[in-house]
Amino acid sequence: MVYPISATKLNAYQRCPYAYFLKYEKRVPVTQGFGSVVLGNALHDALAQCHGTWTNGDRVPDWDWVSGCWSRAAASLGDKLTNKQVREGRSILENYYQKFIATESVFRQPLAVEGKIQATLQFENLEFSVTGRYDRIDYLDDGLELIDYKSTQTATVPEKAEMDVQLGLYGLALEQTYGQSLKYLSLLFLRSGEKVRYRATDRQKRQVLRVLKDLAWQVRHENNAWQAKPGKQCGGCSYSQYCIAVNQTPTPEPIGTKIPSLQLAFSLG
Ligand code: SF4
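With our numbering applied, the sequence shown closes on residue 427, and no number is skipped along the way.
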């Protein structure tokens, strides 16, 4: 049996196994608001073009060339971007250019841009299929640096525990994919031009292996209770109405849309 896992899922499991169970095992739907992500997607696209298609040796591109990447990315979206967003995007990208490209003496091509991380890990006869997305992977002298672009209005960094899971899981997956160790994961805030760099360690990988082992056990023993873990995340939890930890009389759990083949596979353990 193959069980898909990602840093997002693993962090959700660490926060609260019961909320994880409702979301990923039972697939209870939640109603969420959708913010506009079009500008963010266009910026990611322009940066992928910029870093992925510059083939002029080590020479640093000029602003006109980078600006052309933005024009193409924005044009590919037709009228999904407003004129104001097109101007805003160009301004964000120019800020990025001045801070991270114009200041460099060489412009090396990255190992990869806009790709998928894929690897497999085994526990309790359960194969985890690790998946994740990255914006850019750079070669360093002694390993890899994973770059994650952030286009949010505010430069909010995730909690340390969440970054540790991301670093540990990606570290394990990248070793399998590229045979190289992850040295850093960097969050690059496009609007403010801030770069926050996290160092990858063996401790994070060991921690992720422990959490995966625990999750494998929960998945294989279907009658096991996925324990609610109350904490500060409860205020924003979409499943609180079903949760006995925060309700004296919770709403009965809905049936959900769990995939039958997974249920069958679980019972084999
Ligand atoms: S309300 Fe809190 S304890 Fe209950 S499921 Fe949500 S996160 Fe878990």
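Even for Gly, the Cβ is constructed at its ideal location relative to N, Cα and C. All figures in this text were calculated on a predicted structure; none of them were measured in a lab.
Pick from Gln172, Val195, Tyr171 that is closest to Ser309, judged by C-alpha positions | Within the sequence shown, residue 309 is the residue found at index 151, counting from 1. Ser309 has its Cα closest to that of Val195, out of Gln172, Val195, Tyr171.
How far does the alpha helix (DSSP H) with Asp222 in it reach, from first residue to last?
-> What you label residue 222 is simply residue 64 of the sequence shown in a count that begins at 1. Looking at the DSSP string, the run of the alpha helix (DSSP H) that includes Asp222 is 221 to 233.
The ligand SF4 heavy atoms versus the CB of Pro410: any closer than 7 Å?
-> Here residue 410 refers to the residue found at position 252 when the sequence shown is read from its first residue. The ligand SF4 has no heavy atom closer than 7 Å to the beta-carbon of Pro410.
Please confirm if the segment 332 to 352 is in contact with the segment 213 to 225, defined as three or more CB-CB distances below 8 Å between the two stretches.
-> no
May I ask you to report which of helix, strand or coil DSSP gives Thr166?
-> As a working mapping, residue 166 is identified with position 8 in the sequence shown. Residue state, collapsed to three classes: helix.
Just the Cα atoms here: how many angstroms apart are Asp296 and Val369?
-> Within the sequence shown, numbered from 1, the residue matching residue 296 stands at position 138. Within the sequence shown, numbered from 1, the residue matching residue 369 stands at position 211. Taking the straight line joining both Cα atoms gives about 28 Å.
Check the C-beta distance from Leu197 over to Gly247 and give it rounded, since I have them as a contact under 8 Å.
-> Counting from 1 along the sequence shown, the entry for residue 197 is found at position 39. Counting from 1 along the sequence shown, the entry for residue 247 is found at position 89. The C-beta distance from Leu197 to Gly247 rounds to 6 Å, short enough to meet the 8 Å contact threshold.
Got a sec: does the ligand SF4 put a non-hydrogen atom nearer than 7 Å to the Cβ of Cys401?
-> On the sequence shown, position 243 is the one that residue 401 refers to. Yes - the ligand SF4 has a heavy atom lying nearer than 7 Å to the Cβ of Cys401.
To the nearest angstrom, report how far apart Glu272 and Tyr292 are at their CA atoms.
-> In the sequence shown, counting from the first residue as 1, residue 272 sits at position 114. In the sequence shown, counting from the first residue as 1, residue 292 sits at position 134. If you draw a straight line from the Cα of Glu272 to the Cα of Tyr292, it comes to about 6 Å.
Under 7 Å Cβ to Cβ from Phe179, same chain only, skipping five residues before and after it: list those, please.
-> Position 21 of the sequence shown, counted from the first residue, corresponds to residue 179. Here the set comprises Trp384.
Could you check the C-alpha separation between Gln324 and Arg185 for me, to the nearest Å?
-> Residue mapping note: residue 324 aligns to position 166 of the sequence shown, counting from 1. Residue mapping note: residue 185 aligns to position 27 of the sequence shown, counting from 1. Roughly 23 Å separates the two Cα atoms.
7 Å CB neighbourhood of His209 in its chain, flanking five on each side removed = Along the sequence shown, one-based indexing puts residue 209 at 51. Result list for His209: Pro268, Val271, Arg294, in chain order.
From the DSSP output, in three-state form, read off Glu272 for me.
-> The residue labelled residue 272 in the question sits at position 114 within the sequence shown. In the structure shown, Glu272 sits in a strand (DSSP, three-state: E or B).
Close Cβ partners of Val218 (< 8 Å) along its chain, the five nearest in sequence each way excluded | In the sequence shown, counting from the first residue as 1, residue 218 sits at position 60. Contacts found: Ile259, Ala260, Glu262, Ser263, Val264, Phe265.
Look up Ala277 in the DSSP assignment and give the residues it is bridged to.
-> In the sequence shown, counting from the first residue as 1, residue 277 sits at position 119. In DSSP, Ala277 forms a bridge with Val288.
Check: Tyr176 C-beta below 7 Å from any heavy atom of the ligand SF4 | One-based indexing of the sequence shown puts residue 176 at position 18. It does: the Cβ of Tyr176 is within 7 Å (strictly closer) of some heavy atom of the ligand SF4.
Unbroken alpha helix (DSSP H) run spanning Val244, endpoints | For the purposes of this step, residue 244 is taken as residue 86 along the sequence shown, with counting starting at 1. Start and end: 241 to 254.
Work out the CA separation of Ala177 and Ala170 for me, nearest whole Å.
-> If you number the sequence shown from 1, residue 170 lands on position 12. If you number the sequence shown from 1, residue 177 lands on position 19. Using only the alpha carbons, I get a separation of about 8 Å.
Is there at least one non-hydrogen atom of the ligand SF4 closer than 7 Å to the beta-carbon of Ser398?
-> For this step, residue 398 is matched to residue 240 along the sequence shown. The answer is yes for Ser398.
Can you give the beta carbon distance from Leu345 to Asp306, rounded, assuming they're within the 8 Å contact cut?
-> Taking the sequence shown and counting its residues from 1, one reaches residue 345 at position 187. Taking the sequence shown and counting its residues from 1, one reaches residue 306 at position 148. That pair is a contact at about 5 Å.
Grouping DSSP H, G and I as helix and E and B as strand, with all else coil, what is Arg349?
-> In the sequence shown, the residue the question calls residue 349 occupies position 191. In this structure, Arg349 counts as coil in the three-state DSSP scheme.
Can you give, in chain order, each stretch of the beta strand (DSSP E) that sits fully within the segment 329 to 407 and has at least 3 residues?
-> 340 to 347, 352 to 357
Using a threshold of 7 Å, is the CB atom of Ala170 nearer than that to any non-hydrogen atom of the ligand SF4?
-> Numbered from its first residue, the sequence shown carries residue 170 at position 12. Because no heavy atom of the ligand SF4 lies under 7 Å away, the Cβ of Ala170 does not count as near it: no.
Residue span of the alpha helix (DSSP H) that contains Tyr176, given as start and end | Working through the sequence shown from its first residue, we reach residue 176 at position 18. Taken as a continuous stretch (DSSP letters only), the alpha helix (DSSP H) holding Tyr176 covers 175 to 178.
Neighbourhood of Phe347 by C-beta, 7 Å cutoff - its chain only, sequence neighbours within 5 removed | By 1-based counting over the sequence shown, the position of residue 347 is 189. Only Lys308, Ala313 meet the Cβ criterion.
What is the DSSP secondary structure of Gly236, counted as helix, strand or coil?
-> Position 78 of the sequence shown holds residue 236. Reduced to three states, the DSSP call for Gly236 is helix.
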